[in-house]
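Colleague: Protein sequences, first through last, are from chains A and B. To convert, note that position 60 of the first sequence is 59 in numbering that gives the first Met the number 0; the numbers rise steadily by one, no gaps. To convert, note that position 230 of the second sequence is 229 in numbering that gives the first Met the number 0; the numbers rise steadily by one, no gaps. Where a beta carbon is used, it is the ideal one built from N, C-alpha and C, also for glycine. None of these values were measured; they are calculated from a predicted model.
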Amino acid sequence: MSEAVAALEGQFRDLEQQREAASLGMWIFLMTELLLFGALFTAYAVYRFTYPQEFAAASRDLEAGLGAINTAVLICSSLGMALAVYGAQTGGRKRLLFGLALAIVLGTAFMVIKGVEYYHHFEHAEFPGLRFDYARPHAQATQVFFFLYFAMTGVHAIHLTIGIALVCVVLFKAWRRAYSPDYHTPVELSGLYWHFVDIVWIFLFPLLYLIDIHK
Amino acid sequence: MTTNVVETEQNYLNVSYGVRSWLLTTDHKRIALLYMASITLMFFVGGFMAVLMRLELVTPPGDLVTSATYNKLFTMHGIIMVFFFLIPSIPAVLGNFLLPMMIGAKDLAFPRLNLLSWYVYIVGSVFTFWIVIAGGVDTGWTFYTPFSTSSSNTHVIPMTLGIFTVGFSSILTGLNFIVTTHKMRAPGLTWFRLPLFVWAIYATSIIQVLATPVLAISLVLLAVERAFHVGIFDPKLGGDPLLFQHFFWFYSHPAVYIMILPGMGVVSELIPHLARKKIFGYNFVCFATLGIAFFGFLVWGHHMFVAGESVYAAMTFSILSYLVAVPSAIKVFNWTATLYKGSVSFATPMLYALGFIGLFTIGGLTGLFLAALGIDVHVHDTYFVIAHFHYIMVGGMVMAYFGGIHYWWPKMTGRLYPEGWAKLAALIVFVGFNLTFFPQFILGYMGMPRRYHAYAPEFQVLNVMSSAGASILAVGYLLPLVYLLWSLRYGREAGANPWGVKGLEWQTPSPPPPENFAVTPVVTEEPYNYPSAAPGVPSTLQEAEVV
Chain A
0 MSEAVAALEG QFRDLEQQRE AASLGMWIFL MTELLLFGAL FTAYAVYRFT YPQEFAAASR
60 DLEAGLGAIN TAVLICSSLG MALAVYGAQT GGRKRLLFGL ALAIVLGTAF MVIKGVEYYH
120 HFEHAEFPGL RFDYARPHAQ ATQVFFFLYF AMTGVHAIHL TIGIALVCVV LFKAWRRAYS
180 PDYHTPVELS GLYWHFVDIV WIFLFPLLYL IDIHK
Chain B
0 MTTNVVETEQ NYLNVSYGVR SWLLTTDHKR IALLYMASIT LMFFVGGFMA VLMRLELVTP
60 PGDLVTSATY NKLFTMHGII MVFFFLIPSI PAVLGNFLLP MMIGAKDLAF PRLNLLSWYV
120 YIVGSVFTFW IVIAGGVDTG WTFYTPFSTS SSNTHVIPMT LGIFTVGFSS ILTGLNFIVT
180 THKMRAPGLT WFRLPLFVWA IYATSIIQVL ATPVLAISLV LLAVERAFHV GIFDPKLGGD
240 PLLFQHFFWF YSHPAVYIMI LPGMGVVSEL IPHLARKKIF GYNFVCFATL GIAFFGFLVW
300 GHHMFVAGES VYAAMTFSIL SYLVAVPSAI KVFNWTATLY KGSVSFATPM LYALGFIGLF
360 TIGGLTGLFL AALGIDVHVH DTYFVIAHFH YIMVGGMVMA YFGGIHYWWP KMTGRLYPEG
420 WAKLAALIVF VGFNLTFFPQ FILGYMGMPR RYHAYAPEFQ VLNVMSSAGA SILAVGYLLP
480 LVYLLWSLRY GREAGANPWG VKGLEWQTPS PPPPENFAVT PVVTEEPYNY PSAAPGVPST
540 LQEAEVV
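See the structure below:
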């Protein structure tokens, strides 16, 4: 498809209506996602109030340096995504392709660093369910902390993986010139999703890594 | 006015034939029928379990099934009826069919997503069937921890995954409906010209989108805790079992409103149309709908009065629960006021609507008993609770679903159902329902606990009454299955508008053409805009069909 023309689906009156519907649909989906993570954040809040000292101590076992690097990596990936959306809107093909590729590379880098952290926790027997040292002091509360750490970052990582796959598809279609300034809804919607996953991490990082860092 | 007397006219049923054309359809009307067939199957599977329970409870000792089997029966009955019948019932069947027609659209905003929702539902249902065959689950539909994570020896993990799956069907349907209501309305159809059914479906969809993900993630945490023996809810491992209850009811109390708001929406259509009268207080009904959806999110703690939540939390939840009664009562008053001096037709859908008002009122008022801290301690976990929520869910939602199915049956199929049989069935359902569940209020108040397969001999008379009622109720539910299927072939042709009512869905042939309207309609008036109570407005119902 050399000319980028959007197909108008039968149920819509015009492309404008179709674009607005798709955009609203994505926002509502993100609201669902917000509540999905919301339950995990609630659990975190409950247990942090139940075990404040133990959470602070367990937080020190996380590698804040790697977490900080990952935060920077993810923010830069969002920059790539923003560049891609801008490129799609203005017809800047190079910017679009570069932005998407940057998001994919940095998103993958995030996953690799996260994997290294997970591996370290496994080595240190801090992986509830697989390998956990119940002989350590405050084992129960620490176990709850690490369970929440893996649940929250794990659900986040699943979302990021889906995001990377999504952006790969968008990149492929952009390469095939499927988007134009008139039609680039998929780029915008994947951008919304990407930024949402990014923002979730922005909250996860201080809540998990930085509880006790100022001491 | 268009009619469909021409045999060859194209409609959504005859536009294409074959299994493929149904399994790959994106037409909201066909997907509605797919849902209808699936949930009907689930309804009778869940109903069969209820029949076994009522049979067991005819005699005081546990002689028909063991207590372990009985635990599985009430668990699977609850899970199937709540997640696989009630939640999809009116939204996925009537909502799917009617929402685009009522707003003058060709389809939902995302037709393929709509089909995907049905497949997701089917995957969840197949899971459930497999679990039933494999031996079931015995935790109760509430999955309370730590029993569900460390004690129960049944198929808890696959069941939570089945519910997790079907939850996404619910979320995606809700998302689709919200976007459709916002973006697909016909020219001139402003928010306050929307039929009240659309408002109800809209409010329900918001609850589905916001509440369901919380249940989804809680069930995942539960499954992980059970599978890997880690502690998040298990107190042995440092977890908090109350947290699970909070999460569960944060979804499952709003879910009660997923299970009643659409029913209220149906009744808000049936009453003004079949009384030929403008709805009394349209705006009040709208805001009451939104109010119920909003307050529904703030009352979940009233399920946990005796579970160990703080007394201040309990008092707050109690007061908030009372507040829900206000918008609910507004609706009941408005329906009643609409009937006043209307030309009330007593066709079958109206019988169901009137039944709904009465039974919902009883269910709602006994809900206030349960929201009161003192009384709840007395009747908690007794048959009083069972009777209360069955008055809402069966007496309310199922009655409304049957009323809606009858009212829109001519539109969906192009055929009239046999009015005489339908009235008889409605009467049987009403009598059977009350005989089944009213004795349970008394049983519960006298102290008979729920979820036991044996009971003290002094409760036998009321239990036998309840079981007898259940057998009558079963007949009442089987009858429509027979005569509605019969009418598909032998029912009289309905014509576009057999009820002679307003409403966009009736301004197009029955069954509707694939694109719903030949020309996109333009809306110029409020809904239910009947001439103000002109005396002697004839009830133009299908008199000939009335036996």
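Give me the subset of the segment 230-250 of chain B whose CB atoms are less than 7 Å from a CB atom of chain A, sorted by chain position.
Modeller: Under the 7 Å Cβ criterion, the segment 230-250 of chain B contributes Gly230, Ile231, Leu236, Gly237, Gly238, Asp239, Leu242, Phe246.
Colleague: Counting only beta-carbon atoms, is A:Ile161 nearer than 8 Å to chain B?
Modeller: Taking the first sequence and counting its residues from 1, the one referred to as residue 161 of chain A is at position 162. Chain B contact via Cβ: absent.
Colleague: Verify whether the separation of the beta carbon atoms of A:Trp193 and A:Ala102 is less than 8 Å.
Modeller: Your numbering for residue 193 of chain A matches position 194 in the first sequence. Your numbering for residue 102 of chain A matches position 103 in the first sequence. Yes, Cβ-Cβ distance for A:Trp193 and A:Ala102 is below 8 Å.
Colleague: Can you list the residues of chain B that A:Met30 reaches, using a CB-CB cut of under 7 Å?
Modeller: Position 31 of the first sequence, counting from 1, holds the residue named residue 30 of chain A. Correct list: Val208, Leu209.
Colleague: I'd like the ranges of any alpha helix (DSSP H) spanning at least 4 consecutive residues and lying wholly in the segment 426-489 of chain B.
Modeller: With a minimum length of 4 residues, the continuous alpha helix (DSSP H) runs that stay inside the segment 426-489 of chain B are 459-489.
Colleague: Let me see if you follow: with CB-CB separation under 8 Å, is A:Glu187 close to chain B or not?
Modeller: Indexing the first sequence from 1 puts residue 187 of chain A at position 188. So no, A:Glu187 is outside the interface.
Colleague: Please confirm whether B:Asn515 and B:Lys105 have their CB atoms less than 8 Å apart.
Modeller: Residue 515 of chain B sits at position 516 when you count from the first residue of the second sequence. Residue 105 of chain B sits at position 106 when you count from the first residue of the second sequence. Against a cut-off of 8 Å, the Cβ pair of B:Lys105 and B:Asn515 comes out as a contact.
Colleague: Let me know if A:Gln52 comes out buried or exposed under the rule of 16 or more other beta-carbons within 10 Å of its beta-carbon.
Modeller: Sequence index remark: in the first sequence, residue 52 of chain A carries index 53 (1-based). A:Gln52 comes out exposed.
Colleague: Going along chain A, which residues have a C-beta under 8 Å from B:Asp106?
Modeller: Taking the first residue of the second sequence as position 1, residue 106 of chain B is located at position 107. Those within 8 Å of B:Asp106 in chain A are Gly9, Gln10.
Colleague: What in chain B is Cβ-close to A:Pro127, meaning under 8 Å?
Modeller: Walking along the first sequence from the start, residue 127 of chain A turns up at place 128. Residues of chain B passing the Cβ test: Phe227, Val229, Gly230.
Colleague: Let me see if you follow: with CB-CB separation under 8 Å, is A:Ala140 close to chain B or not?
Modeller: Counted from its first residue, the first sequence places residue 140 of chain A at position 141. Cβ-Cβ to chain B under 8 Å: yes for A:Ala140.
Colleague: Along the chain, where does the alpha helix (DSSP H) that runs through B:Gly373 open and close?
Modeller: Translated into positions along the second sequence, residue 373 of chain B becomes position 374. Where B:Gly373 is concerned, the enclosing alpha helix (DSSP H) stretches over 372-378.
Colleague: Which of the three DSSP states is assigned to A:Arg130 in this structure?
Modeller: Working through the first sequence from its first residue, we reach residue 130 of chain A at position 131. Here A:Arg130 sits in strand by DSSP.
Colleague: Return the CA-CA distance between A:Tyr43 and A:Gly37, expressed in angstroms with no decimal places.
Modeller: Within the first sequence, numbered from 1, the residue matching residue 43 of chain A stands at position 44. Within the first sequence, numbered from 1, the residue matching residue 37 of chain A stands at position 38. When rounded, the distance between both Cα atoms is 10 Å.
Colleague: Classify B:Val18: buried if its beta carbon has 16 or more other beta carbons within 10 angstroms, exposed otherwise.
Modeller: Within the second sequence, numbered from 1, the residue matching residue 18 of chain B stands at position 19. So B:Val18 ends up on the exposed side.
Colleague: Just checking my contact of B:Ile259 with B:Ile391 at CB under 8 Å: how many whole Å lie between their CB atoms?
Modeller: The residue given as residue 259 of chain B occupies position 260 in the second sequence. The residue given as residue 391 of chain B occupies position 392 in the second sequence. Going by Cβ atoms, the distance from B:Ile259 to B:Ile391 rounds to 6 Å, so yes, they are a contact pair.
Colleague: Do you know whose CA, among B:Gly237, B:Phe243, B:Tyr382, B:Pro348, lies nearest B:Phe458's CA?
Modeller: Taking the first residue of the second sequence as 1, we reach residue 458 of chain B at position 459. Residue B:Tyr382 is the option with its Cα nearest to B:Phe458.
Colleague: Taking DSSP as the reference, what is the three-state secondary structure of B:Arg553?
Modeller: Because residue 553 of chain B is not part of the residues shown, which for chain B are 0 to 546, the question remains open.
Colleague: Could you spell out where the alpha helix (DSSP H) holding B:Ile121 opens and where it closes?
Modeller: Walking along the second sequence from the start, residue 121 of chain B turns up at place 122. B:Ile121 -> alpha helix (DSSP H) spans 110-133.
Colleague: For A:Asp13, is the classification buried or exposed, using 16 other Cβ atoms within 10 angstroms of its Cβ as the cut-off for buried?
Modeller: Within the first sequence, numbered from 1, the residue matching residue 13 of chain A stands at position 14. With fewer than 16 Cβ atoms within 10 Å of its Cβ, A:Asp13 is classed as exposed.
Colleague: What is the residue span of the alpha helix (DSSP H) that B:Ser169 lies within?
Modeller: Translated into positions along the second sequence, residue 169 of chain B becomes position 170. Its alpha helix (DSSP H) spans residues 155-182.
Colleague: Cβ of B:Asp137 within 8 Å of Cβ of B:Thr179?
Modeller: Residue mapping note: residue 137 of chain B aligns to position 138 of the second sequence, counting from 1. Residue mapping note: residue 179 of chain B aligns to position 180 of the second sequence, counting from 1. No. Outside cutoff.
Colleague: Taking just the CA atoms, how far does B:Val122 sit from B:Ser37?
Modeller: Indexing the second sequence from 1 puts residue 37 of chain B at position 38. Indexing the second sequence from 1 puts residue 122 of chain B at position 123. Approximately 12 Å between the Cα atoms of the pair.
Colleague: For the alpha helix (DSSP H) that contains B:Lys105, what are its first and last residues?
Modeller: Along the second sequence, read from residue 1 onward, the residue named residue 105 of chain B stands at position 106. Unbroken run through B:Lys105: none, as it is neither H nor E.
Colleague: Below 8 Å, how does it come out for the segment 112-119 of chain B and the segment 135-155 of chain B: are there three or more Cβ pairs, yes or no?
Modeller: The answer is no - the segment 135-155 of chain B does not touch the segment 112-119 of chain B, with fewer than three Cβ pairs under 8 Å.
Colleague: Could you pull out every residue in the same chain whose Cβ sits closer than 6 Å to the Cβ of B:His301, ignoring the five residues on either side in sequence?
Modeller: The residue you call residue 301 of chain B lines up with position 302 of the second sequence. Closer than 6 Å at Cβ, skipping near neighbours: Phe316, Ser320, Ala370.
Colleague: The segment 160-181 of chain B: which residues have C-beta closer than 7 Å to a C-beta of chain A, in chain order?
Modeller: Against chain A - using a Cβ distance shorter than 7 Å - the residues of the segment 160-181 of chain B are Ile170, Leu174, Ile177, Val178, His181.
Colleague: Quick one, which residues of the segment 13-26 of chain B are near chain A if we go by CB-CB under 8 Å, in chain order?
Modeller: Answer in chain order: no residues at all.
Colleague: Of the residues A:Arg94, A:Ala100, A:Met110, A:Gln17, which one's Cα is nearest the Cα of A:Val154?
Modeller: Walking along the first sequence from the start, residue 154 of chain A turns up at place 155. Nearest option by C-alpha distance: A:Met110.
Colleague: Exposed or buried, which one is B:Met314 when buried takes at least 16 other CB atoms within 10 Å?
Modeller: Reading the second sequence from its first residue, position 315 is the one you call residue 314 of chain B. Exposed is the call here.
Colleague: Near B:Ile86, which residues of its chain fall below 7 Å by C-beta distance, leaving aside the five closest residues on each side in sequence?
Modeller: For the purposes of this step, residue 86 of chain B is taken as residue 87 along the second sequence, with counting starting at 1. Closer than 7 Å at the Cβ level, and outside the excluded window around B:Ile86, lie Ser169, Ala254, Ile257, Met258.
Colleague: When the Cα of B:Ser217 is compared with those of A:Arg176, A:Ala150, A:Asp211, A:Gly86, which residue comes out closest?
Modeller: Position 218 of the second sequence holds residue 217 of chain B. The residue with the shortest Cα to Cα distance from B:Ser217 is A:Ala150.
Colleague: With B:Tyr382 as the anchor, note down where its alpha helix (DSSP H) starts and where it stops.
Modeller: Within the second sequence, residue 382 of chain B is the residue found at index 383, counting from 1. Unbroken alpha helix (DSSP H) run through B:Tyr382: 382-391.
Colleague: Using 8 Å as the limit for Cβ to Cβ distance, is B:Ser217 near chain A?
Modeller: If you number the second sequence from 1, residue 217 of chain B lands on position 218. At least one chain A Cβ lies under 8 Å of B:Ser217.
Colleague: What residue range does the alpha helix (DSSP H) around A:Arg18 cover?
Modeller: Residue numbering aside, residue 18 of chain A sits at position 19 when the first sequence is read from its first letter. Taken as a continuous stretch (DSSP letters only), the alpha helix (DSSP H) holding A:Arg18 covers 14-49.
Colleague: How should B:Asp62 be labelled, buried or exposed, when 16 other C-beta atoms within 10 angstroms of its C-beta is the threshold for buried?
Modeller: Numbered from its first residue, the second sequence carries residue 62 of chain B at position 63. Looking at its Cβ environment, which holds fewer than 16 other Cβ atoms inside 10 Å, B:Asp62 is exposed.
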